[in-house]
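Asks:
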Amino acid sequence: MSLEDLSFYDATYFAVVTIATVGFGDIVPKTPAGRMFTCLFIIVGVGMAYYTFTLVISMSIEGRLKDFFGRKGMERRIASLDNHIIVCGAGKVGGNVIERLQDEGQAFVVVEKDLLLYEQLCEEKVLTIHGDATLDEMLLQAGVKRAKGLITALSHDADNVYVTLTGKSLNPEMTIVARADRAEAEEKLRRAGATTVIFPSVMGGRQMVSAMIKPVIMDFVENLFYNQELHMDIAEVTSPLVGKNFIENDIKGRFDSIVVAIKRDNKLITNPPGTQVISAGDIMIVLGQRATLSKLNEVALAE
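Mapped onto my numbering, the consecutive letters of the sequence shown carry residue numbers 17 to 319.
This is the structure in structure tokens:
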């Protein structure tokens with residue numbers, strides 16, 4: 017059998033070389049066996065190159081699609097948040113804030129400007145927005161008008177002042193906790209609308225001194241704040257507990273909890289006696305197990 021005065025092997029060889037666009041070159045195999053080997057080599061080589069190319073393209077497209085749909089899904093989840101907390105900044109201080117909020121089971125969203133930190137948080141499935149927290153649109157995207165609180169933990173006092181001012185103007189009822197490094201920043205933050213101003217360096221110094229001269233108390237405080245079982249919570253009273261004292265309500269017996277203090281009319285009553293009568297609107301600061309405190313909260317808030 018021949019095609020254009022070429023044998024089947026020669027015709028196959030020239031067809032493969034032409035389709036593969038490898039050219040005829042200066043060195044051409046002369047024997048049928050050599051040409052068939054060349055054909056096989058070209059087919060396998062081109063096939064592997066094509067497979068590698070398609071694999072790389074596929075992975076690139078899949079990665080981009082995954083990122084795209086991942087971002088869209090995160091945006092939908094952020095848009096559905098309500099009565100949540102906004103954390104501005106995920107650095108050393110903000111990172112600890114995030115861990116604590118996760119431990120407490122609080123709904124929150126992070127606004128982070130640094131791309132590496134943003135990507136890291138996304139990998140950890142933390143709801144995060146990439147952008148500058150000092151911009152109104154970033155806080156609006158984080159649902160500031162629906163949020164119950166904002167924690168600004170940025171590294172510069174001026175940025176924290178700006179975020180506080182912006183957040184308060186967008187949601188006047190929101191609680192704002194602001195970080196400050198310099199003492200003179202406290203007054204500015206409070207004027208801007210901060211509910212509480214925290215100095216990480218001051219708190220760190222106090223903890224170090226307490227650990228030195230009052231180690232037992234320090235251990236108790238550490239256990240109180242970081243133990244997964246022992247927990248301190250607040251319960252606002254609007255229930256049948258009202259009008260009765262602690263002995264009658266038997267909070268210790270029913271809920272295995274200790275009332276540490278009561279906040280009433282912006283005054284704190286510490287270590288209230290058993291004869292202390294509970295009034296409507298009182299806020300009890302209670303120490304106990306998470307499960308029993310949850311039950312106490314349900315009773316305290318019952319109509």
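Think of the CB as a built atom: it goes at the ideal place given N, C-alpha and C, for glycine as much as any other residue.
Could you pull the DSSP bridge partners for K283 from this structure?
Replies: Numbered from its first residue, the sequence shown carries residue 283 at position 267. Looking at the DSSP assignment, K283 forms a beta bridge with R280.
Asks: Would you identify the three-state DSSP class for I229, choosing helix, strand or coil?
Replies: Position 213 of the sequence shown, counted from the start, is the residue given in the question as residue 229. The answer is helix: DSSP assigns I229 an H, G or I state.
Asks: Could you check the C-alpha separation between Q223 and I73 for me, to the nearest Å?
Replies: Position 207 of the sequence shown, counting from 1, holds the residue named residue 223. Position 57 of the sequence shown, counting from 1, holds the residue named residue 73. Q223 and I73: Cα-Cα distance of roughly 54 Å.
Asks: Roughly how many whole angstroms lie between the Cα atoms of L151 and I59?
Replies: Position 135 of the sequence shown, counted from the first residue, corresponds to residue 151. Position 43 of the sequence shown, counted from the first residue, corresponds to residue 59. Taking the straight line joining both Cα atoms gives about 57 Å.
Asks: Identify the residues that DSSP records as bridge partners of A194: which are they?
Replies: Taking the sequence shown and counting its residues from 1, the one referred to as residue 194 is at position 178. T168 and V213.
Asks: Beta-carbon within less than 8 Å of S273's beta-carbon, same chain only, minus the 5 sequence neighbours each way: which residues are those?
Replies: In the sequence shown, the residue the question calls residue 273 occupies position 257. Around S273: I267, V302, L303, G304, Q305, T308, L309 and L312.
Asks: What do you reckon, are the CB atoms on L143 and I94 nearer than 8 Å?
Replies: Mapped onto the sequence shown, residue 143 falls at position 127. Mapped onto the sequence shown, residue 94 falls at position 78. The answer is yes: Cβ separation under 8 Å.
Asks: Between which two residues does the beta strand (DSSP E) harbouring I301 extend?
Replies: For the purposes of this step, residue 301 is taken as residue 285 along the sequence shown, with counting starting at 1. I299 to Q305 is the extent of the beta strand (DSSP E) around I301.
Asks: Rounded to whole angstroms, what's the CA-CA distance from I114 to V103? Just pull it up for me.
Replies: Sequence index remark: in the sequence shown, residue 114 carries index 98 (1-based). Sequence index remark: in the sequence shown, residue 103 carries index 87 (1-based). Spanning the two alpha carbons is a distance of roughly 8 Å.
Asks: Would DSSP call E264 helix, strand or coil?
Replies: Translated into positions along the sequence shown, residue 264 becomes position 248. DSSP places E264 in helix when its eight states are reduced to three.
Asks: Take the Cβ of M64 as the centre, count every other Cβ of all protein chains shown within 10 Å, and call the residue buried at 16 or more, exposed below.
Replies: As a position in the sequence shown, residue 64 is number 48, starting the count at 1. Flag for M64 reads exposed.
Asks: In angstroms with no decimal places, state the Cα-to-Cα distance between A227 and M219.
Replies: Counted from its first residue, the sequence shown places residue 227 at position 211. Counted from its first residue, the sequence shown places residue 219 at position 203. Going from the Cα of A227 to the Cα of M219 covers about 12 Å.
Asks: I think R195 touches V109, with their Cβ atoms under 8 Å apart; what is that distance to the nearest whole Å?
Replies: Against the sequence shown, residue 195 aligns to sequence position 179. Against the sequence shown, residue 109 aligns to sequence position 93. So it is a contact: roughly 6 Å between Cβ atoms.
Asks: Going by CA-CA distance only, name the one from G183, I263, V275 and Y178 that's closest to I192.
Replies: Against the sequence shown, residue 192 aligns to sequence position 176. Of G183, I263, V275 and Y178, the residue nearest in Cα terms is G183.
Asks: Take K260 and list the residues in its own chain whose beta-carbon comes closer than 8 Å to its own, dropping the five residues that flank it on each side.
Replies: The residue given as residue 260 occupies position 244 in the sequence shown. Excluding positions up to five away in sequence, the list reads V293 and I294.
Asks: For A106, count neighbouring C-beta atoms within 10 Å of its own C-beta (all shown protein chains included) and say buried if the count is 16 or more, exposed if not.
Replies: As a first step, residue 106 is located in the sequence shown; it is residue number 90 there, counting from the start. It is buried - the Cβ of A106 has at least 16 other Cβ atoms within 10 Å.
Asks: If distances are taken between C-alpha atoms only, which option among F271, K164, A201 and A169 comes closest to S112?
Replies: Translated into the one-based positions of the sequence shown, residue 112 becomes position 96. A small correction: the amino acid at residue 112 is Asn; Ser does not occupy that position in the sequence shown. The shortest Cα separation from N112 among F271, K164, A201 and A169 belongs to A169.
Asks: At what residues does the alpha helix (DSSP H) containing E139 begin and finish?
Replies: To locate residue 139, count along the sequence shown from 1; it is residue 123. Segment L131 to E139, the alpha helix (DSSP H) holding E139.
Asks: Helix, strand or coil for V258? Go by DSSP, reduced to three states.
Replies: What you label residue 258 is simply residue 242 of the sequence shown in a count that begins at 1. Reduced to three states, the DSSP call for V258 is coil.
Asks: Can the beta-carbon of S217 be found less than 8 Å from the beta-carbon of D235?
Replies: Counting from one through the sequence shown, the residue named residue 217 turns up at place 201. Counting from one through the sequence shown, the residue named residue 235 turns up at place 219. It is not a contact, given that the beta carbons lie outside the stated cut-off.
Asks: Determine which residues share a DSSP beta bridge with F124 and list them.
Replies: Residue mapping note: residue 124 aligns to position 108 of the sequence shown, counting from 1. Note: F124 sits in a beta bridge opposite I101.
Asks: Since T16 is in the beta strand (DSSP E), which residue starts that stretch and which ends it?
Replies: The first residue shown for the chain is 17 and the last is 319, placing residue 16 beyond what the model contains.
Asks: With DSSP collapsed to three states, give me the class of V60.
Replies: For the purposes of this step, residue 60 is identified with residue 44 of the sequence shown, where counting begins at 1. Helix, per DSSP.
Asks: Residues in the same chain with beta-carbon distance under 6 Å from Q157, minus the five sequence neighbours each way, listed in chain order, please.
Replies: Position 141 of the sequence shown, counting from 1, holds the residue named residue 157. So the list reads I145, once near-sequence residues are dropped.
Asks: Starting from G183, trace the alpha helix (DSSP H) both ways and give me its first and last residue.
Replies: The residue given as residue 183 occupies position 167 in the sequence shown. Run containing G183: D173 to L186, per the alpha helix (DSSP H) assignment.
Asks: Quick test of your reading: A2 and I101, contact by CB under 8 Å. State the CB separation rounded to the nearest angstrom.
Replies: Residue 2 lies beyond the stretch modelled for the chain, which goes from 17 to 319, so this question has no answer here.
Asks: Check V237 in the structure and name its three-state DSSP category.
Replies: What you label residue 237 is simply residue 221 of the sequence shown in a count that begins at 1. Correct three-state label for V237: helix.
Asks: Use the C-beta contact count for T180: other C-beta atoms within 10 angstroms, 16 or more gives buried, fewer gives exposed.
Replies: Within the sequence shown, numbered from 1, the residue matching residue 180 stands at position 164. Counting Cβ neighbours within 10 Å, T180 comes out buried, since at least 16 surround it.
Asks: Using the Cα positions of K279 and D298, report the straight-line distance between them to the nearest angstrom.
Replies: As a working mapping, residue 279 is identified with position 263 in the sequence shown. As a working mapping, residue 298 is identified with position 282 in the sequence shown. Roughly 6 Å separates the two Cα atoms.
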